[in-house]
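Worksheet for the structure shown next.
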Amino acid sequence: MEQLNLEQRQSVRFVRPFKVTTLEEEGFDQGFSGVDVNLTGLSFRLPEADWFLPGQSLSLRIRNDLNGEQFELDSVQVVHLQPDEQGSWLCGCHITQISSEQLLAHHRLVMTDQATAQSSMAVAKLSEFDFDETASPLSQNTADFQEASMALSLAVAEAELNQQWVERVFARLDQLWQSRLPADQQLTETRQEVEALKQAWQELSLQARSWNTLAKLLVHSPSAGADQADWQRLIADFEGRFLTDAQQMAYDLMHQGHTAREALEMAQEAIAQSAGGRTDDKRSSE
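Each residue of the sequence shown is one higher than the one before, counting from 19 in the numbering used here.
Structure (structure tokens):
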């Protein structure tokens, strides 16, 4: 199952026509009317507030009324129940676990156009894509594994470059501690270095998780031809949101025959020159 760690509810949600039932129900004649969705959750209307309780875990069946597709969500958690103007109750839920097939079906319900994809992915966090792939079938296409291998090679090369940077930070700290600066100044500068290291370490961890998650998406690409194009769009949405410009450029350069180390160094140099030294802050809010 692909584990979605949903600590925060996405603020951007999209109205879609869909129906919801529990797995015990047959058909959707008595189904609840869907209200809105995003990549990590959904909400629907209940006739009474006592149907479900906040914090309750549910297994639901969804019917996408845009295309008739039906799929199950095995692990959904009720976040809130709120009365609405129609006299019913709005039940807002988080998706806490999802398989690759379910993710693809839910992605089709949410991402009906490019603008929606950009809006939804813009507020998504990488922690929502902490994949546990054990229940998702492996791709039958060897090219997907080659793509994943390139992503992991870039992850290793990036880690090696980052290790060199961390060693330089510790060298600066060592020089600072051995300096004859006044104690107050030494303490202030040490705190500044440690805080900078803390912030940078979060970014370095995010870089590694980005490559790791991309590799998992690639090796679990569906085999059915009709699903492959949709899965590629999902991967493209992921790359555009969670890979920095330098990472995306390095990935392209590897496809042109460069080694992972060469690709990263060339990409970082190109980004630095084009941005005039500005930091790539696409993911600074992660």
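Glycine included, C-beta positions come from ideal geometry on N, C-alpha and C. In this text the structure is predicted, and so the values were computed from the model without any measurement.
Just verifying my parser: in three-state terms, what is the DSSP assignment at N82? N82 falls in the strand class under three-state DSSP.
Neighbourhood of G110 by C-beta, 6 Å cutoff - its chain only, sequence neighbours within 5 removed: Excluding positions up to five away in sequence, the list reads S61, V97, H98.
How is N180 classed by DSSP in three states: helix, strand or coil? In the structure shown, N180 adopts helical secondary structure according to DSSP, grouped into three states.
Taking R209 as the reference, which of Q100, R190, T40, F89 has the closest Cα? Nearest option by C-alpha distance: R190.
Comparing C-alpha positions only, which one of Q274, S106, A268, T58 sits nearest to I116? Distances from the CA of I116 to each of Q274, S106, A268, T58 were compared; the closest alpha carbon is that of T58.
To the nearest angstrom, how far is it from the Cα of A161 to the Cα of E87? Separation of A161 and E87 (C-alpha to C-alpha, rounded to the nearest whole angstrom) is 28 Å.
Which of the three DSSP states is assigned to N159 in this structure? Residue state, collapsed to three classes: coil.
Tell me whether S117 sits in a helix, a strand or coil according to DSSP, three-state version. In the displayed model, S117 falls within coil according to three-state DSSP, outside both helix and strand.
As assigned by DSSP and simplified to three states, the class of K37: The three-state reading of DSSP puts K37 in strand, counting E and B together.
Per-residue DSSP class, three states only, for V187: If DSSP states are grouped into helix, strand and coil, V187 belongs with the helices.
Applying the criterion that 16 or more other CB atoms from any shown protein chain within 10 Å of the CB defines a buried residue, is H124 buried or exposed? With 16 or more other Cβ atoms from the protein chains shown falling within 10 Å of its own Cβ, H124 counts as buried.
Which residues in the same chain have their Cβ closer than 7 Å to the Cβ of A177, if we skip the five residues on either side of it in sequence? Hits under 7 Å: A226.
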